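**Student:** Going line by line, the protein sequences match chains Y and A. Take the first sequence: its letter number 312 is residue 319 in the numbering used here, and every next letter is one higher. Take the second sequence: its letter number 345 is residue 352 in the numbering used here, and every next letter is one higher. Here you go, one structure.
Protein chains: 2
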Amino acid sequence: MSHKAPYAVIMAGGSGTRFWPLSRAANPKQLLNILNDTTMIQATVARLQPYIPAERVLVITTEQLAAETRRQLPMLPPEHIVAEPVGRDTAACVCLAALLVERLDSEATMILLPADQVIGPADRFQRALQVGVETAHGGGLVTYGITPRFASTGYGYVKVAEELHRSEDGVSVRKVDRFVEKPDAATAQSYVDSGDYRWNSGIFTWRADVVLSALSQHTPWLVKALAPVADSWGSDAFAAALAEAYEPLKKISVDYALLEQADDIKVVTGDFDWDDVGSWDALYDHLPADEAGVIHQGETLAIDCRDSLLLSRSGQTIAAIGLEGLTVVATADAILVCPKGQSQEVKAIVDRLKASGPQNLL
Amino acid sequence: MSHKAPYAVIMAGGSGTRFWPLSRAANPKQLLNILNDTTMIQATVARLQPYIPAERVLVITTEQLAAETRRQLPMLPPEHIVAEPVGRDTAACVCLAALLVERLDSEATMILLPADQVIGPADRFQRALQVGVETAHGGGLVTYGITPRFASTGYGYVKVAEELHRSEDGVSVRKVDRFVEKPDAATAQSYVDSGDYRWNSGIFTWRADVVLSALSQHTPWLVKALAPVADSWGSDAFAAALAEAYEPLKKISVDYALLEQADDIKVVTGDFDWDDVGSWDALYDHLPADEAGVIHQGETLAIDCRDSLLLSRSGQTIAAIGLEGLTVVATADAILVCPKGQSQEVKAIVDRLKASGPQNLL
């Protein structure tokens, strides 16, 4: 069975604050090269190759980030990088994406994925996507689950039901029993022990016409507002039409508009590695450390340190003595010092800055 | 009994590394304004006023530091700021100072003191100096002892013998039994418990002719080498003559050349506060902290921190989360992160830089 080549839609409008002070409102996580020389969105596009060539990739971002996103992704057709004029939550974004993909190919299947995850190896990831696309071709909604490596309280989970299909190379397709929010530690452990739960990757696949049909049923006002805009895509009138259509839209999430309404959701469990890299703490798993567990990025000098992350992007030398489990990040205008395990609290710093701090640090 | 007004000689050639990264070879502790708006050498001169007016103050420094020292002390006669061409330990420095003071006044008493201590209040300090000067006028060598506030292992001690004199306002003069080096913790505690020990302040007073007489007896080659140089003081020939005389000198300390040889040493115990401020840790006692014990200097933002020192001299905001007992110091080219209590280890950083690090950080 051969299908038309699918499209990928990368959701890249996030204004992540969890990597402050490196991430800023104008330079969020997906546009940063925290892990290596490529930015996370560049890596997201690259790991789709060759399965989804660049000309079949769309990016939905914000007006503030559009120019930098285009600069980082010169291989994409410029009009494929679409800037939402205002944030109206994920259902509007998915509806717009589905309308645009449908214009490109009325029978197209689309893979919706975040711009800021770490996934590998690419061939195993693409193999899972391929199974997902084949599954979605028959209708319904496909999500991707990751077998939990530990009892994470930072991820949402998917409870799986009976297996519908298993490929020769072990990619499993099951019915979804239900989605669950981030659990507490004990619940997370019970999920892992049961074997019936997967981490919810936030990656989805469906046919554009299936999405639009579902949205037309549950949130018809959304499709009605955005369908005419899609017709002007590629013309000079598009941006203004999009702004006019978006402004009055009610905020509604794809979880509410699609996932909770759908009765045909399947989950593909692939054997690829996946990490949402949600905070500085996550980097301890992704960057090379010395024998004492100290990660050195930029100019650093450590004496008697263990299990720490020293990251200088300011040109300054970070000189560390006797540290254990400490994250130090230096940028041109700010220095973060925070114990490992508490980097979720970086949000509190950003909140404080929003309330009363120097606004140029946001 | 009225004596001629004494001179003060400030030894200011130290290249302290203990406040790295703020202190540098070209900008050591005595030239820094770590504690307030005045530098430590400026404070040292100021707290002698009005007892020792600026025109009776000499400073012995190094060629590298002379220009900045003159800039910071415009109230001193320029020739009173004398630059040693090379370091030849403290006996050469004291010999030179005594020769210069003797040229100003052949019967002068001189107070020798470091440039980088925190002492107060000034009136009580000056009162102790006054008693010391009166005592030194009768001959012999006078040192100043501080009643220990705690069992410091970072200071040298003076063991006192019988009391020779006590002023009406309680300034005590005793014979010195012996000087002792920095003790271990148990020994330090026994010193404190005994009541017979004082912290050795490193401040001395003696008549210039008494010093020179003692040096002529124990290290005649030193006086012989430097006496002719002193004659050219104030002329253009001085610097070259000093360089020529200093170069071949053997290094010898004032402890060895004077203190260990002298049989008439007295100690004045004043009731002034004294701190050598030997490391970042010492600042915890001298800078104002918030209710959680966090010291904020420069731009800082602390959440859930306790007992920490956050000092930004780089313009960067130090954002700290969940720290306890941590010192963070940011300058334009380096950031120090070091637990409280380990700041003596800063020397290890400087040693590492000397060996292999960027030399511009020294």
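We put the beta carbon where it would ideally sit given N, CA and C, even for glycine. All values derive from a computational prediction rather than experimental measurement.
1. Applying the 10 Å Cβ sphere with the 16-neighbour rule, what's the burial state of T45 (chain A)?
2. I want to check one thing, is the minimum distance from the CB of R131 (chain A) to the heavy atoms of the ligand ADP below 7 Å?
3. If Y164 (chain Y) sits next to V187 (chain Y), beta carbons under 8 Å apart, how far is it from one beta carbon to the other, in whole angstroms?
4. Are Q133 (chain A) and Y58 (chain A) touching if we call contact CB-CB under 8 Å?
5. If you run the structure through DSSP and keep just helix, strand and coil, what is K347 (chain Y)?
6. Counting only Cβ pairs nearer than 9 Å, list the residues of chain C close to I325 (chain Y).
7. Taking the alpha helix (DSSP H) that T154 (chain A) belongs to, which residues open and close that run?
8. For I35 (chain Y) and chain A, any beta-carbon pair shorter than 8 Å?
9. In the DSSP assignment, find the unbroken beta strand (DSSP E) run with I118 (chain A) in it and report its ends.
10. Under the rule that 16 or more other beta-carbon atoms within 10 Å means buried, what is F26 (chain A), buried or exposed?
11. How is V178 (chain A) classed by DSSP in three states: helix, strand or coil?
12. Can you give me the Cβ contacts of E1 (chain A) inside the same chain, cut-off strictly under 7 Å, excluding the 5 residues immediately before and after it?
13. Per DSSP, W213 (chain A) forms a beta bridge with which residues?
14. Do V140 (chain A) and L65 (chain A) have their C-beta atoms closer together than 8 Å?
15. Would you decide whether L80 (chain Y) is buried or exposed? Buried here means 16 or more other CB atoms lie within 10 Å of its CB.
16. Is A355 (chain Y) close to chain A? Criterion is C-beta to C-beta, closer than 8 Å.
17. Using the Cβ count rule (16 or more neighbours within 10 Å means buried), how would you classify P60 (chain A)?
18. Are the CB atoms of A98 (chain A) and A264 (chain A) nearer to each other than 8 Å?
19. According to DSSP, is S319 (chain A) helix, strand or coil?
20. Taking just the CA atoms, how far does A19 (chain Y) sit from A122 (chain Y)?
21. Can you give me the C-alpha to C-alpha distance between L343 (chain A) and R77 (chain A), rounded to a whole angstrom?
22. Got a sec: is the Cβ-Cβ distance from A337 (chain Y) to anything in chain A below 8 Å?
23. Do the region 314-327 of chain Y and the region 281-295 of chain Y make contact, defined as three or more Cβ pairs closer than 8 Å?
24. So, is the C-beta of R359 (chain Y) closer than 8 Å to a C-beta in chain A?
25. Suppose contacts are defined by Cβ-Cβ distances below 8 Å. Is R320 (chain A) in contact with A337 (chain A) by that definition?
26. Does any CB atom of chain A fall closer than 8 Å to the CB of L290 (chain Y)?
27. Taking 8 Å as the CB-CB cut-off, is G329 (chain A) touching chain Y?
28. Report the residue from Y:L249, Y:V230 and Y:K231 whose alpha carbon sits nearest the alpha carbon of S239 (chain Y).
29. Taking the C-alpha atoms as reference points, what is the distance between M8 (chain Y) and Q196 (chain Y)?
**Tutor:** Answer, in terms of the structure:
1. exposed
2. Ligands displayed in this structure: none; no statement on the ligand ADP is therefore possible.
3. 5 Å
4. yes
5. coil
6. Protein chains Y and A are contained in the structure displayed, whereas chain C is not.
7. Taken as a continuous stretch (DSSP letters only), T154 (chain A) belongs to no alpha helix (DSSP H), as it is neither H nor E.
8. In the sequence on display, residue 35 (chain Y) carries Pro and not Ile. No, P35 (chain Y) does not count as interfacial toward chain A.
9. T116 to P121
10. buried
11. coil
12. In the structure as shown, chain A begins at 8 and stops at 369. Residue 1 (chain A) is therefore absent and cannot be evaluated.
13. A:M117
14. In this structure, the beta-carbon distance from V140 (chain A) to L65 (chain A) does not fall below 8 Å.
15. buried
16. yes
17. With fewer than 16 Cβ atoms within 10 Å of its Cβ, P60 (chain A) is classed as exposed.
18. In this structure, A264 (chain A) lies closer than 8 Å to A98 (chain A) by Cβ.
19. strand
20. 5 Å
21. Rounded to whole angstroms, the separation of the alpha carbons of R77 (chain A) and L343 (chain A) is 30 Å.
22. Interface with chain A (8 Å Cβ-Cβ cutoff): A337 (chain Y) is included.
23. yes
24. yes
25. At a Cβ-Cβ threshold of 8 Å, R320 (chain A) and A337 (chain A) count as neighbours.
26. no
27. At a cut-off of 8 Å between beta carbons, G329 (chain A) contacts chain Y.
28. Y:L249
29. Confidence is the limiting factor: at M8 (chain Y) the pLDDT is only 40, short of 50, which leaves the residue's position unreliable, though a coordinate-based value still follows. Looking at the two C-alpha atoms, the distance is approximately 40 Å.
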